[in-house]
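Read through the structure below, which is laid out as structure tokens, and then see the notes.
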Amino acid sequence: MMLAMVLNHPGDEHSFHAEERAMPLSTSTHSVLKIMAFGLNYAELLTRNGESPDVRFPRVIGIEAVGTVYDTKAGSGFRVGQTVMTLMGGLGREFDGSYEEYALIPNHQLYPLPIKDSWTQLATIPESFYTAYGSLNRLRLSTGAHLLIRGGTSNAGIAALLLAKAMGYTVSTTSRDSGKLQTLQDLGADETLLDQGSLDTTISFDGILELVGTTTLRDSLQQLATTGTAVVTGGLGGAWSLPDFSPFEVPGYLTNFQSTNVDAQLLSQAIALIKNHHLQLPIAQTFELANIAQAHQAMINSHKIGKIVVIANHE
5 MMLAMVLNHP
15 GDEHSFHAEE
25 RAMPLSTSTH
35 SVLKIMAFGL
45 NYAELLTRNG
55 ESPDVRFPRV
65 IGIEAVGTVY
75 DTKAGSGFRV
85 GQTVMTLMGG
95 LGREFDGSYE
105 EYALIPNHQL
115 YPLPIKDSWT
125 QLATIPESFY
135 TAYGSLNRLR
145 LSTGAHLLIR
155 GGTSNAGIAA
165 LLLAKAMGYT
175 VSTTSRDSGK
185 LQTLQDLGAD
195 ETLLDQGSLD
205 TTISFDGILE
215 LVGTTTLRDS
225 LQQLATTGTA
235 VVTGGLGGAW
245 SLPDFSPFEV
255 PGYLTNFQST
265 NVDAQLLSQA
275 IALIKNHHLQ
285 LPIAQTFELA
295 NIAQAHQAMI
305 NSHKIGKIVV
315 IANHE
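Remember, my numbering sits 4 above the position in the sequence shown when you count from 1.
Here it is in structure tokens:
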């Protein structure tokens with residue numbers, strides 16, 4: 005038997021129900037993942053609140069996880085005990101996700117994770133680093149280019165900072181909290197900017213990673229070089245559309261990145277950078293799986309920089 009933290013219906017953080025379930029069994033197309041740890045994501049908070057209309061309940065939510073292959077069939081391409089990760093592609097939305105000790109995962113949504121580190125540190129990798137790297141890839145910048153990260157203290161923003169410095173970019177990054185600017189400098193930022201809705205800078209950036217979203221997009225575009233590219237990836241500002249927006253407001257190029265369907269090649273490239281440069285996302289707090297309610301409270305109330313990680317199994 006195994007523990008699963010189930011949402012029978014949308015609600016607050018106390019809506020999770022601890023349930024003992026039978027262990028899943030591998031099939032010709034699915035392997036069993038022993039989940040060691042996973043990071044929390046804002047998207048899971050929205051799902052818990054009932055703001056993901058495509059999610060049907062009861063559901064075990066959770067869109068990313070790291071662990072080992074527990075059970076698999078011959079021909080899967082994996083071996084028992086292999087370190088792997090999984091993310092997105094319907095995980096925790098169309099089928100049960102990471103808020104459980106073991107999960108049945110489609111083989112094509114398991115990805116080798118050839119990095120030796122603690123499980124809590126490995127748990128920071130999948131969604132944050134993939135989203136950050138996929139976004140940077142859309143910008144197609146050259147070594148030495150000047151990048152602006154709008155929403156720099158988010159986990160994707162920090163991952164983007166770490167990756168961008170490893171890729172040889174000059175990086176300016178933002179925070180609405182002046183107390184967090186020094187931390188961003190300590191993580192490698194060349195310049196930090198206090199975000200008060202508009203940015204006080206005269207720089208024209210080669211690339212802009214917009215994580216706050218449409219609430220700051222117009223101001224970000226004013227900082228974009230005429231040959232530059234902006235990629236909209238996040239919606240930290242809470243809005244997903246921009247009224248009366250004209251394409252003639254874009255001085256250079258505007259695109260977007262979504263991590264919904266994982267490109268295995270992009271993910272592999274991100275992992276190689278993480279491994280070769282020993283990149284580590286800060287960890288804000290850790291919780292045990294049974295304490296998922298407290299973990300969700302921390303996601304709302306904590307002001308610490310870094311990923312909140314939940315431990316599902318111990319060695």
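No residue lacks a Cβ here, since even glycine has one placed at the ideal position from N, Cα and C.
Asked: Who pairs with THR90 in a beta bridge, going by DSSP?; Found: ALA69
Asked: Compare the beta carbon distance of ILE153 and ALA163 with 7 Å and say whether it is the shorter of the two.; Found: no
Asked: Give the list of continuous beta strand (DSSP E) stretches no shorter than 3 residues that lie fully inside the segment 87 to 128.; Found: 87 to 91 and 106 to 110
Asked: Tell me, please, whether the segment 267 to 275 touches the segment 129 to 140 by the rule of three or more beta-carbon pairs shorter than 8 Å.; Found: yes
Asked: Taking the alpha-carbon positions, what's the VAL111 to SER80 distance?; Found: The sequence as given places Asn at residue 111; Val does not occur at that position. Distance between the alpha carbons of ASN111 and SER80: 6 Å.
Asked: Counting beta carbon pairs with one atom in the segment 71 to 86 and one in the segment 54 to 62, are three or more of them shorter than 8 Å?; Found: no
Asked: Exposed or buried, what is VAL84 when buried is set at 16 or more other beta-carbons lying within 10 Å of its beta-carbon?; Found: exposed
Asked: Quick one: what's SER263 bridged to in DSSP?; Found: Answer is none; SER263 lacks a bridge partner.
Asked: What are the residues that DSSP puts in a beta bridge with PHE42?; Found: VAL314
Asked: Grab me the residues of THR33's own chain with a C-beta within less than 7 Å of its C-beta, minus the 5 sequence neighbours each way, in chain order.; Found: PRO110 and ASN111
Asked: Using beta-carbon positions only, say whether THR233 and TYR257 come within less than 7 Å of one another.; Found: yes
Asked: Per DSSP, what kind of secondary structure is ILE378 in: helix, strand or coil?; Found: Lying outside 5 to 319, the shown extent of the chain, residue 378 is not represented and no answer is given.
Asked: How many Å lie between GLU23 and ALA107 at the Cα?; Found: 14 Å
Asked: Mind checking MET5: buried by the 16 CB within 10 Å criterion, or exposed?; Found: exposed
Asked: Using beta-carbon positions only, say whether GLY211 and GLY238 come within less than 7 Å of one another.; Found: no
Asked: Should TRP123 go down as buried or exposed, given a rule of 16 or more other Cβ atoms within 10 Å for buried?; Found: buried
Asked: List the endpoints of the continuous beta strand (DSSP E) containing ILE162.; Found: ILE162 -> not in any beta strand (DSSP E); alpha helix (DSSP H) instead, spanning 159 to 170.
Asked: Can you check DSSP and say which residues form a bridge with LEU213?; Found: ILE153 and VAL235
Asked: On a Cα-Cα basis, can you pick out the residue from LEU188, GLU68, LEU50 and LEU213 that is closest to ALA316?; Found: GLU68
Asked: Using beta-carbon positions only, say whether HIS300 and GLU17 come within less than 7 Å of one another.; Found: yes
Asked: Going by DSSP, what residue range makes up the beta strand (DSSP E) through GLN269?; Found: No beta strand (DSSP E) contains GLN269, which is instead part of the alpha helix (DSSP H) from 268 to 281.
Asked: Which residues does DSSP pair with LEU143 in a beta bridge?; Found: Per DSSP, none; premise fails for LEU143.
Asked: DSSP on HIS34, reduced to helix/strand/coil?; Found: strand
Asked: ILE309: which of LEU285, SER102 and ASN265 sits nearest, CA to CA?; Found: LEU285
Asked: Please classify GLN289: does DSSP put it in a helix, a strand, or coil?; Found: strand
Asked: If I measure Cβ to Cβ from LEU283 and keep anything under 6 Å in the same chain, skipping five residues before and after, which residues do I get?; Found: LEU166
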